Amino acid sequence: IYWADELAKQTSDPELAAKFTAIAAALEASEATIVAELLAVQGSPVDLGGYFHPNADKATAAMRPSNTFNGILASL
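For the numbering used here, count along the sequence shown from 1 and bump the result up by 13.
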C-alpha cells in the first residue's frame, strides 16, 4: 500500500502517478481482505513438489496466496 501511495503522490511522472492512484486506492480498500488471506495460510505446510527442484506452479501458488492482491497487481 505504502509504495503504491508514494508512487501516486510523486509529481515527476504524471502518467505513473495516474496509474498508481487507482492501484493505491484498490490496495487500501482491500487491505483487510489481503491481510486475512495472507494470515490464513501462515503456519501450514506446503507441498512444493520437490526440495531442490520445486514444481513452478506449486511454488507460485504458495508464494502468492492472496487472490485479491494478485488481481490488483495484474492490473499493472
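Glycine residues also receive a C-beta, built at the ideal position from the N, C-alpha and C atoms. Remember, it's a predicted structure, so these values are computed and weren't measured experimentally.
For Pro58, no alpha helix (DSSP H) segment is defined, and its DSSP state is neither H nor E. If you ignore the 5 residues before and after Leu61, its C-beta comes within less than 7 Å of the C-beta of Pro67, Asn68, Lys71, Ala72 and Ala75, all in its own chain and listed in chain order. Looking only at Lys32, Ala30, Thr46 and Asp18, the smallest Cα-Cα distance to Asn83 is reached by Thr46.
For Ala38, the closest of Thr24, Ser88 and Ile14 by C-alpha to C-alpha distance is Ile14. Shown here, Val48 sits in a helix according to DSSP, grouped into three states.
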